[in-house]
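Participant: If you scroll down you'll find the structure; I have some questions about it.
So this is what it looks like as structure tokens:
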């Protein structure tokens, strides 16, 4: 797989305060994003996610290391032609309407006028903002801005789309819609590089992830390789049995309205509980085997640091 | 091309700024007030109207250039709109020049509006159209272009309030630096050389001031006019290059 975006040992320090003190934010970031994949970049707040993205986009200059996009240096306009970017908490020129706003960005990519009109209508439809196309952005809600921002990132039909917290500040329906758009981009052959701290989203859509904590990448690879498929424990919800009957079969997590939630560790233990319920004519409400999630992995790594 | 797009957007932004209209309103009041001042004066009333009118255009033009110019670049960084711009295939100098030209066009429109009021008042007193008044306005505009470049230079690395103070200081120094000439005549030795260097480095905005000549009907030398125009353009270009050099290496966070 060709690397669309590759970072090699990127370092960045900022000086802050009245008596400047150097604080290293990125301590040697190396990663590569392959063509046509959705790459998740995750880490806790302040880990250096946004700083990395700003380095890639040429907004800040790394102190050391190299960044290449499409095999070219990342500051090369020919490389930037093919990149779309949605910043975190986007603020835009609030005196423009959504249509004017997209038109402005399309002009920066030198898109011809007729093509511009078509493309903007198509994008407004894609992000479901047709109804607000002629309203000034200052009247937009946070979620609406996020959608228009996404449309803005796609205005040049980029081969690589970089999204900083694309699902932040959206309601569940909005999140699902944006997620669907991201998956559609992959289906159309575009590469997506997104940062997030909402782990469920990453888990659902990303092919590969990198985990950054404290300016270092701790782990990088395919989700399936990072997370073990082994069942850690099984959660069984039963009713019709007294609490003392269940003790010894597993850890009782809660009892509510006659139902008990048990945490059972071994497969044999699960069989025993099922046998017991059958014998006592109880009822099974749910049985969920819990495998390791990205969240477990993430929490482990942050703790280790 | 890219510069045009950014300049047009800057123009749209600037003309939707309320500060601009407040200043335009007071400029109009000040120009019209010159008529009242003229009533109180002994002698040629038209001279007072011309003098106060031109001074008002100059002063309010400079305030517009500084108050809007210092905010333009800073606001883009502060509100992070610059993130989506610089990540596009735009070179940083194109962004800065776009901002500059957008503001220059805005000022051109504002100076035209103020001049219209001014020329109308003069016309109702003299019933003649004086070409020299246009010339004076054009040189005021050249001065505003330079002040705009200075405002953008400061705002490319500083906050709006500091930049406004710096740019205002530049304007004031520029209008009083000619008095150094008197001091140079009196000084001797190394002091004289130091003063001469200082005089060379400091801006001389009096070059653009044609008020005295125009108001009192004194002759204007072509050589001086050409020198002043060239001085303005070269100085502006120099300040813009400096702004680009600073802007090119800075981080946006």
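Chains as they are written, first to last, in our numbering: chain W, -14 to 290; chain Y, 452 to 704.
Cβ atoms here follow ideal geometry from the backbone N, Cα and C, with glycine treated the same way.
Keep in mind it's a predicted model, so treat the numbers as computed, not measured.
Short check: CB of residue 275 of chain W to CB of residue 217 of chain W, under 8 Å?
Facilitator: Cβ distance < 8 Å, so residue 275 of chain W and residue 217 of chain W count as in contact.
Participant: Within 8 Å (strictly less), CB to CB, does residue 531 of chain Y reach chain W?
Facilitator: So yes, residue 531 of chain Y belongs to the interface.
Participant: If we ignore side chains and look at the alpha-carbon of each, how far apart do residue 210 of chain W and residue 121 of chain W end up?
Facilitator: Answer to the nearest angstrom: the Cα atoms are 46 Å apart.
Participant: Determine the burial state of residue 704 of chain Y: buried for a count of at least 16 other Cβ atoms within 10 Å of its Cβ, exposed for fewer.
Facilitator: Residue 704 of chain Y should be labelled exposed.
Participant: Could you tell me whether any Cβ in chain W is nearer than 8 Å to the Cβ of residue 557 of chain Y?
Facilitator: By this cut-off, residue 557 of chain Y is not an interface position.
Participant: Would you list the residues sitting across from residue 292 of chain W in a DSSP beta bridge?
Facilitator: Here chain W has residues from -14 to 290 only, and residue 292 of chain W is not among them.
Participant: How would you write the range of the alpha helix (DSSP H) that residue 534 of chain Y sits in, first residue to last?
Facilitator: 532 to 537 is the span of the alpha helix (DSSP H), which, as asked, contains residue 534 of chain Y.
Participant: Since residue 49 of chain W is in the beta strand (DSSP E), which residue starts that stretch and which ends it?
Facilitator: Run containing residue 49 of chain W: 49 to 54, per the beta strand (DSSP E) assignment.
Participant: So what does DSSP say about residue 249 of chain W, is it helix, strand or coil?
Facilitator: It is a strand residue.
Participant: In chain order, what residues of the same chain lie with their CB nearer than 8 Å to the CB of residue 114 of chain W, ignoring the 5 residues before and after it?
Facilitator: Excluding positions up to five away in sequence, the list reads 83, 129, 132, 133 and 136.
Participant: Quick check on DSSP: helix, strand or coil for residue 20 of chain W?
Facilitator: Residue state, collapsed to three classes: coil.
Participant: Which residues, taken in chain order from the segment 43 to 54 of chain W, show a beta carbon closer than 7 Å to some beta carbon of chain Y?
Facilitator: Against chain Y - using a Cβ distance shorter than 7 Å - the residues of the segment 43 to 54 of chain W are 43, 44, 45 and 46.
Participant: Under the three-state reduction of DSSP, which class applies to residue 275 of chain W: helix, strand or coil?
Facilitator: In this structure, residue 275 of chain W counts as strand in the three-state DSSP scheme.
Participant: Which bits of chain W does residue 467 of chain Y rub up against, with CB to CB less than 7 Å?
Facilitator: Per Cβ cutoff of 7 Å: 80.
Participant: Which partner residues of residue 686 of chain Y appear in the DSSP bridge assignment?
Facilitator: Its beta-bridge partners do not exist; DSSP assigns none.
Participant: What is the rounded straight-line gap between the Cα of residue 98 of chain W and the Cα of residue 77 of chain W?
Facilitator: When rounded, the distance between both Cα atoms is 22 Å.
Participant: Could you please tell me which residues of the segment 75 to 103 of chain W, in chain order, have their CB closer than 8 Å to any CB of chain Y?
Facilitator: Listed by position along the chain: 75, 76, 77, 78, 80, 81, 89, 90, 92, 93, 94 and 95.
Participant: Count the CB pairs spanning the segment 181 to 199 of chain W and the segment 277 to 290 of chain W that are closer than 8 Å, and state whether there are at least three.
Facilitator: Contact holds: three or more Cβ-Cβ distances are below 8 Å.
Participant: Quick check on the DSSP output: the beta strand (DSSP E) that includes residue 148 of chain W runs from which residue to which?
Facilitator: Here the beta strand (DSSP E) through residue 148 of chain W covers 145 to 149.
Participant: Based on Cα-Cα distance, which residue from Y/481, Y/482 and Y/500 lies nearest to residue 490 of chain Y?
Facilitator: Taking only the C-alpha atoms, the option nearest residue 490 of chain Y is Y/500.
Participant: Any C-beta of chain Y within less than 8 Å: which residues of the segment 178 to 205 of chain W qualify?
Facilitator: Per Cβ criterion, the list is empty.
Participant: Would you kindly check if the distance between the Cβ of residue 117 of chain W and the Cβ of residue 71 of chain W is under 8 Å?
Facilitator: Contact: no.
Participant: Answer yes or no: do residue 584 of chain Y and residue 665 of chain Y have a C-beta to C-beta separation smaller than 8 Å?
Facilitator: Yes, the Cβ-Cβ distance between residue 584 of chain Y and residue 665 of chain Y is below 8 Å.
Participant: Exposed or buried, which one is residue 418 of chain Y when buried takes at least 16 other CB atoms within 10 Å?
Facilitator: In the structure as shown, chain Y starts at 452 and stops at 704, and residue 418 of chain Y therefore has no counterpart that could be examined.
Participant: Mind pulling the chain W residues with CB within less than 8 Å of residue 456 of chain Y?
Facilitator: Within chain W, the residues near residue 456 of chain Y are 89, 92 and 93.
Participant: Tell me, please, whether the CB atom of residue 70 of chain W is closer than 8 Å to any CB atom in chain Y?
Facilitator: Answer yes: the Cβ-Cβ gap between residue 70 of chain W and chain Y drops below 8 Å somewhere.
Participant: Would residue 669 of chain Y be called buried (16 or more neighbouring beta carbons within 10 Å of its own) or exposed?
Facilitator: It counts as exposed.
Participant: Given a cut-off of 8 Å, decide if residue 38 of chain W and residue 180 of chain W are closer than it, judged by their beta-carbon atoms.
Facilitator: In contact: residue 180 of chain W and residue 38 of chain W (Cβ atoms closer than 8 Å).
Participant: Report the residue from W/161, W/21, W/40 and W/167 whose alpha carbon sits nearest the alpha carbon of residue 13 of chain W.
Facilitator: Nearest of W/161, W/21, W/40 and W/167 to residue 13 of chain W, Cα basis: W/40.
Participant: In chain order, what residues of the same chain lie with their CB nearer than 7 Å to the CB of residue 468 of chain Y, ignoring the 5 residues before and after it?
Facilitator: Cβ neighbours of residue 468 of chain Y beyond the five flanking positions: 519.
Participant: Any Cβ of chain W within less than 8 Å of the Cβ of residue 460 of chain Y?
Facilitator: At least one chain W Cβ lies under 8 Å of residue 460 of chain Y.
Participant: Please check if any C-beta of chain W sits within less than 8 Å of the C-beta of residue 541 of chain Y.
Facilitator: Closer than 8 Å to some Cβ of chain W, the Cβ of residue 541 of chain Y qualifies, so yes.
Participant: With residue 36 of chain W as the anchor, note down where its beta strand (DSSP E) starts and where it stops.
Facilitator: That residue, residue 36 of chain W, is in no beta strand (DSSP E); its alpha helix (DSSP H) goes 34 to 41.
Participant: What residue from Y/643, Y/606 and Y/622 has the CA that sits closest to residue 693 of chain Y's CA?
Facilitator: Closest option to residue 693 of chain Y, Cα to Cα, is Y/606.
Participant: Run through the DSSP bridge pairs and tell me what residue 221 of chain W is partnered with.
Facilitator: Answer is W/247 and W/272.
Participant: Express the C-alpha separation of residue 522 of chain Y and residue 510 of chain Y in angstroms, rounding to a whole number.
Facilitator: Near 19 Å, if we compare the C-alpha coordinates of residue 522 of chain Y and residue 510 of chain Y.
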